[in-house]
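Residue numbers (the numbering used here): 81 to 212.
The C-beta atom is built at its ideal place from N, Cα and C for all residues, glycine as well.
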Amino acid sequence: MWLSSLSDTQRDALIRLAHTVVVSDGLLDPNEEFMLDEFKREMALGSKSNGDEVATGDLSQVFDTPRTRRIAIINLLRLSYVDGEFDVEEECLLKQIAVLFKIEEMEFRRMDSWVRRLMSLENEASNQFLAE
Numbered sequence: 081m082w083l084s085s086l087s088d089t090q091r092d093a094l095i096r097l098a099h100t101v102v103v104s105d106g107l108l109d110p111n112e113e114f115m116l117d118e119f120k121r122e123m124a125l126g127s128k129s130n131g132d133e134v135a136t137g138d139l140s141q142v143f144d145t146p147r148t149r150r151i152a153i154i155n156l157l158r159l160s161y162v163d164g165e166f167d168v169e170e171e172c173l174l175k176q177i178a179v180l181f182k183i184e185e186m187e188f189r190r191m192d193s194w195v196r197r198l199m200s201l202e203n204e205a206s207n208q209f210l211a212e
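What follows is the structure, encoded as structure tokens:
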């Protein structure tokens, strides 16, 4: 979601960060793997990105505007919920990133709430209109 508006450097950092988030709980769920592939398609990365983990210290320089930081957090939240649960490890990592991005707790909670509603609507649409 809005990933195509990121620069090449931001795209590479986001896919690496996404990989870090999904493995933070020790498991790679098939739904997480599918969403990672969706991210790569939206960012036109193909298979050229290796998905290695990224150091969080440099993130505020890579995602250098409030808009790109919000895009990153929203998409990482989506990825965190795609397996049906927001694990404590994922939550801690995302909150750490939000602090680096200077995203206040209240704004993080609003984004989290919005993403949960979005995921619910996507699941509802899938069940009602795309079920075989």
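Inter-residue distance for residue 116 and residue 159 is about 8 Å (C-alpha atoms, whole angstroms). Annotation: residue 193 to residue 177 spans about 17 Å, alpha carbon to alpha carbon.
The beta strand (DSSP E) runs lying completely inside the stretch 86-112 and spanning 3 residues or more number zero. Residue 174 carries a helical assignment under DSSP once its states are collapsed to helix, strand and coil. About 21 Å separates the CB atoms of residue 84 and residue 113; that is not less than 8 Å, and the two are not in contact. Excluding the 5 residues flanking it on each side, residue 195 has same chain C-beta neighbours closer than 8 Å at 154, 157, 158, 161, in chain order. Per DSSP, reduced to three states, the secondary structure at residue 117 is helical. Bounds of the alpha helix (DSSP H) holding residue 202 are 185-209. Ranked by how close their Cα comes to the Cα of residue 169, the residues 103, 205, 91, 146 have 103 in first place.
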